[in-house]
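Engineer:
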Amino acid sequence: MRILILNHNVRGRGTYHRALPFARLFAARGHEVAFCCVHPERLYRPTFVRRRFDGGGTLVYCEMPRWSGRHDPQEGRGPLDIARRLWLVATRRFDVVWAFEHKLNCLYPARLARRLYGTTFVSDWCDRWGGEEGLFDFCQSEEGFLRLPPAVQRIRRRAFAQEARLEESVRRDEADAVTVISRALRERALNIGVPKDRLLLLPTGADVDGIRPLDKDECRREFGLPTDAPVLGYVANFNPDAPLLLDALQAILAAAPRALCLHAGAPLTGSEYALRERGLSNRLHHLGWIPPERCALLYGASDILLLPLSRMRLNVERFPHKLTDYLAAGRPIAANDVGDVRPLIEAKGAGEVAYPNAQGLADATLRLLQRHEEWPEIGRRARQTAEELLDWNRIAEQSLDFIMRVRAMGRRRRN
Numbered sequence: 006m007r008i009l010i011l012n013h014n015v016r017g018r019g020t021y022h023r024a025l026p027f028a029r030l031f032a033a034r035g036h037e038v039a040f041c042c043v044h045p046e047r048l049y050r051p052t053f054v055r056r057r058f059d060g061g062g063t064l065v066y067c068e069m070p071r072w073s074g075r076h077d078p079q080e081g082r083g084p085l086d087i088a089r090r091l092w093l094v095a096t097r098r099f100d101v102v103w104a105f106e107h108k109l110n111c112l113y114p115a116r117l118a119r120r121l122y123g124t125t126f127v128s129d130w131c132d133r134w135g136g137e138e139g140l141f142d143f144c145q146s147e148e149g150f151l152r153l154p155p156a157v158q159r160i161r162r163r164a165f166a167q168e169a170r171l172e173e174s175v176r177r178d179e180a181d182a183v184t185v186i187s188r189a190l191r192e193r194a195l196n197i198g199v200p201k202d203r204l205l206l207l208p209t210g211a212d213v214d215g216i217r218p219l220d221k222d223e224c225r226r227e228f229g230l231p232t233d234a235p236v237l238g239y240v241a242n243f244n245p246d247a248p249l250l251l252d253a254l255q256a257i258l259a260a261a262p263r264a265l266c267l268h269a270g271a272p273l274t275g276s277e278y279a280l281r282e283r284g285l286s287n288r289l290h291h292l293g294w295i296p297p298e299r300c301a302l303l304y305g306a307s308d309i310l311l312l313p314l315s316r317m318r319l320n321v322e323r324f325p326h327k328l329t330d331y332l333a334a335g336r337p338i339a340a341n342d343v344g345d346v347r348p349l350i351e352a353k354g355a356g357e358v359a360y361p362n363a364q365g366l367a368d369a370t371l372r373l374l375q376r377h378e379e380w381p382e383i384g385r386r387a388r389q390t391a392e393e394l395l396d397w398n399r400i401a402e403q404s405l406d407f408i409m410r411v412r413a414m415g416r417r418r419r420n
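This is the structure we're talking about:
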């Protein structure tokens, strides 16, 4: 098959980590695949890399121009990006377009391919964007958004409103099939009218090759950490649950005076004063944005990995990608019981799951701190969970079977 996989993100961000493995694994199975995302730096020109696999398949990896005017390049509204994707679709016939989310740089090319060639359009749904407690709500409350000029805020709010309307209508009225990341989104898709035989619950796999259990002492030397202190690890691209985590850390570090927290990604607070007020400034080590290989070292340096989740609708419907990394790293996990987290952690005993508030996360972490003699065994079970339940090869085969079945059924007829 000739398959086009469309991702709205800048390389290395968000859903990119869900979409790209499918492209690679499909090409390894003999298919002709093109993958599109957004270049992290180049404003006006795309880049293309072609790779041929031993099985005869090919992968054309395309990074499109990031210039987006007054919009964030992550929002999929770059005019040059969209134009390049439309040109790709207009000049090359694909059997399947799999659009990861409904952003315009994914939706417009999928619509054109369907109209020109009758291409099968599969839409992946892996976040709650619009509505109460959706990503757009969170974006509009962030300090970065509030610092924008009022005119730019109005432009972006109109864009958010348009995409919120598209979130359900694309899956209900346009896509031939829908893949979802969570049980909650599966239920939502069924409720809006997506036929059950054209809907697939498809988890994100774990990167068991790129992330492996590492020697704890060696990893700590990389960060200048003591080898005899309990270390808690946390990584996040954005922090909707920062208040929950900070409250939990305040309780954990008060009960465990020698413990430290190593954190990478987006800052938990814009105020050093707020950390000092909580007594965290000397025990919360923020590394900033670091590359994936450094994240693997952070996991390796940690005794326990933290997954803070409140029961907001955004968390219920999405799936935290970091959980797959945590499991692959082979470390005990302390998490809040939200969405699909509990079944995965408890499948083989990879950690502790607790009520979705700060006290619950603190209690789960403190219980794991007391079980220090069991850490190697709990970590082994976490790694086993990643290898057996989140194997990318099995997930890729499942998705290919679904796509071929949908193609055999033909284009979806509308009521």
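For the sequence shown, this note's numbering assigns the number 6 to the initial residue and increments by one for each residue that follows.
Backbone N, C-alpha and C fix where the C-beta goes; we use that ideal spot for every residue, glycine too.
(1) Please report the straight-line C-alpha distance between I8 and A115, rounded to a whole angstrom.
(2) Once you ignore the five residues that flank L204 on each side, which residues in its own chain have a CB closer than 6 Å to its CB?
(3) Under DSSP, the alpha helix (DSSP H) around D142 begins and ends at which residues?
(4) How many angstroms separate the CA atom of R82 from the CA atom of M69?
(5) For the beta strand (DSSP E) that contains H290, what are its first and last residues?
(6) With 8 Å set as the bound, which would you pick, yes or no: does the beta-carbon of G60 sit closer than that to a beta-carbon of chain D?
(7) What residues are listed by DSSP as bridge partners for M69?
(8) Using 10 angstroms around the beta-carbon of Y49, count the other beta-carbons present and answer buried if the total reaches 16, otherwise exposed.
(9) Counting along the chain, where does the beta strand (DSSP E) carrying C224 start and finish?
(10) Going residue by residue through the stretch 162-242, where are the continuous alpha helix (DSSP H) segments of at least 4 residues, counting only ones entirely within it?
(11) Just to confirm, are C266 and L289 a CB contact at a threshold of 8 Å?
(12) If you count every other CB in all the chains shown that lies within 10 Å of the CB of F53, and 16 or more means buried, which is it?
(13) Have a look at N362 and F150 and give me their C-alpha separation to the nearest angstrom.
(14) Using the C-alpha atoms, what's the distance from V358 back to R347?
(15) Does R98 pass the burial test, meaning 16 or more other C-beta atoms within 10 Å, or should it be called exposed?
(16) Report yes if the CB atom of L371 is closer than 8 Å to the CB atom of P235, and no otherwise.
(17) With a 10 Å radius around its C-beta and 16 neighbouring C-beta atoms as the bar for buried, classify D59 as buried or exposed.
(18) Rounded to the nearest angstrom, what separates A33 and C111 at their Cα positions?
(19) What are the start and end residues of each continuous beta strand (DSSP E) run of 3 or more residues lying completely inside the stretch 338-389, in chain order?
(20) Classify C266 as helix, strand or coil using the three-state DSSP reduction.
(21) So, with DSSP's three-state summary, where would you put H76?
(22) May I ask you to list the residues that DSSP assigns as paired with F53?
(23) Where do the ends of the beta strand (DSSP E) carrying S128 lie?
(24) Just checking my contact of R225 with A306 at CB under 8 Å: how many whole Å lie between their CB atoms?
Structural biologist: Answer, in terms of the structure:
(1) Straight-line Cα distance between these residues: approximately 11 Å.
(2) Counting only residues of its own chain and dropping the five nearest sequence neighbours on each side, L204 has a CB closer than 6 Å to the CB of V183, A194.
(3) Where D142 is concerned, the enclosing alpha helix (DSSP H) starts and stops at 140-146.
(4) Between R82 and M69, the alpha-carbon positions lie close to 12 Å from each other.
(5) In the DSSP assignment, H290 falls within the unbroken beta strand (DSSP E) covering 289-291.
(6) Of the protein chains in the structure, only one exists, and it is not chain D.
(7) Its beta-bridge partners are V43.
(8) Under a 10 Å Cβ-count criterion, Y49 is classified as exposed, with fewer than 16 other Cβ atoms of the shown protein chains found around its own Cβ.
(9) Not the beta strand (DSSP E): C224 falls in the alpha helix (DSSP H), residues 221-228.
(10) Runs of the alpha helix (DSSP H) lying entirely within the stretch 162-242, each at least 4 residues long, are 188-197, 221-228 in chain order.
(11) Yes. Within cutoff.
(12) Classification for F53: exposed.
(13) The alpha-carbon atoms of N362 and F150 are separated by roughly 27 Å.
(14) If you take the alpha carbons of R347 and V358, they lie about 6 Å apart.
(15) Around the CB of R98, fewer than 16 other CB atoms lie within 10 Å, so the residue is classed as exposed.
(16) Contact: no.
(17) Per the 10 Å Cβ criterion, exposed.
(18) About 23 Å.
(19) If only complete runs of 3 or more residues are kept, the stretch 338-389 shows the beta strand (DSSP E) at 338-341, 356-359, in order along the chain.
(20) Note: C266 maps to strand in three-state DSSP.
(21) H76 carries a coil assignment under DSSP once its states are collapsed to helix, strand and coil.
(22) Answer is C67.
(23) 125-130 is the extent of the beta strand (DSSP E) around S128.
(24) About 5 Å separates the two Cβ atoms, so the contact holds.
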